[in-house]
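Peer 1:
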Amino acid sequence: MTWNTTALLIDAATQSQVLAALPGRYQITREELDFRSATAAALAPDVAIAQTHRRDGPNTVELWDPTGRIAMDESIVERLSVGRRVLVVYGSAMSARYGFRLLHDGALVRTSDWGSGSILNESGEPLPEENEITARPWGHDDASLLCLAELLGFRAPGDRDRRYARVRCVGAADLAGTSSLPVSFRSSMSQKARRNGPASRPRRPT
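Every position in the sequence shown, counted from 1, becomes a number in our numbering once 163 is added.
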C-alpha cells in the first residue's frame, strides 16, 4: 500500500467535535469505507472519518484528507490540539516524502519529514517511540507512520478492520489550495516547536 494523502489523529474527541472545528459545513454520509478506500487519493474532494472507543485510553478520531487542505492547515490543527494531542501524518508516494507532526495543547512538540531514506527536516526533541520504528530498506514510508501512531496510542496495533464514513463538505469552506507536501505548514510551525520533551501518552485508568 502506498499513500498520497494526509490524516489527523485526535485524542479525546468525538467526530462531531472534530467536524464542528472545520471551516464550512460537513455532512457524514451513510457510505462506509474500508481502510484502503479511506486512505486513497481517489477519495478527494471528500474526507473519511472514524472514531475508536477504547478501554485502555481516551477515544480517538481519525480523519483522512487526501487533499491536505484540512490536515495541513495550521489554524485548524492548533485549535483541535487545545487540551489534547493531535498527530498529523502525510505521505506522498509520487515524491517519496512522508512525515508527521505531533501537537499537544496548541503547541508543536515534534515534526519530522522523511525522504530518500533520510530525515529532510525536523524540529523538537525526538520521541522515544521513533527509536522503535523499523524502517524498510528504502527508508520510512506509510508503514512507519502507522507504526508510530500505534506506539503513541492513537491506533490499536494492526487495526485495519476499522470502518470509516465518507464525509462531504456541503457548505462554503475557506481553505487553502491542495498540497501534497506541507511546506507552508512546516515553515510556519517549526518556529514554535516545543523543546521541553515529548507529549506524554494518556495514562491508562486504574
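All C-beta atoms, glycine included, are put in the ideal place defined by N, C-alpha and C. Keep in mind it's a predicted model, so treat the numbers as computed, not measured.
Give the secondary structure of A184 by DSSP, where H, G and I count as helix, E and B as strand, and everything else as coil.
Peer 2: Three-state result, A184: coil.
Peer 1: Please report the residue range of the alpha helix (DSSP H) in which E313 lies.
Peer 2: Run containing E313: D305 to L314, per the alpha helix (DSSP H) assignment.
Peer 1: Assuming T223 and I173 form a contact by the criterion Cβ under 8 Å, report the distance between their Cβ atoms to the nearest whole angstrom.
Peer 2: With 8 Å as the limit, T223 and I173 qualify as a contact, their Cβ atoms being about 6 Å apart.
Peer 1: What's the call for T177, buried or exposed, on a 16-neighbour Cβ count within 10 Å?
Peer 2: With fewer than 16 other Cβ atoms within 10 Å, it is exposed.
Peer 1: Just list the residues that DSSP pairs Q190 with in beta bridges.
Peer 2: Paired residues: R331.
Peer 1: Do you know offhand how far L314's Cα is from V210's?
Peer 2: If you take the alpha carbons of L314 and V210, they lie about 25 Å apart.
Peer 1: Looking at the strands, I want to know which residues DSSP matches up with H267.
Peer 2: R248 and A270, per the DSSP bridge assignment.
Peer 1: In the structure shown, what three-state DSSP assignment does S279 receive?
Peer 2: Here S279 sits in coil by DSSP.
Peer 1: Tell me whether N167 is buried or exposed, calling it buried when 16 or more other Cβ atoms sit within 10 Å of its Cβ.
Peer 2: Label assigned to N167: buried.
Peer 1: Can you find the residues in the same chain that come closer than 6 Å, C-beta to C-beta, to V252, ignoring five residues on each side of it along the sequence?
Peer 2: Cβ within range, chain order: A170, F263 and L308.
Peer 1: Quick test of your reading: V245 and D268, contact by CB under 8 Å. State the CB separation rounded to the nearest angstrom.
Peer 2: Their Cβ separation, rounded to whole angstroms, is 6 Å, which keeps V245 and D268 in contact under 8 Å.
Peer 1: So, for E195: in the same chain, excluding its five sequence neighbours on each side, which residues have a beta-carbon less than 6 Å away from its beta-carbon?
Peer 2: The answer, listed in chain order, is R326.
Peer 1: When you compare the CB positions of R188 and V333, do they come within less than 7 Å of one another, or not?
Peer 2: Going by C-beta atoms, R188 is nearer than 7 Å to V333.
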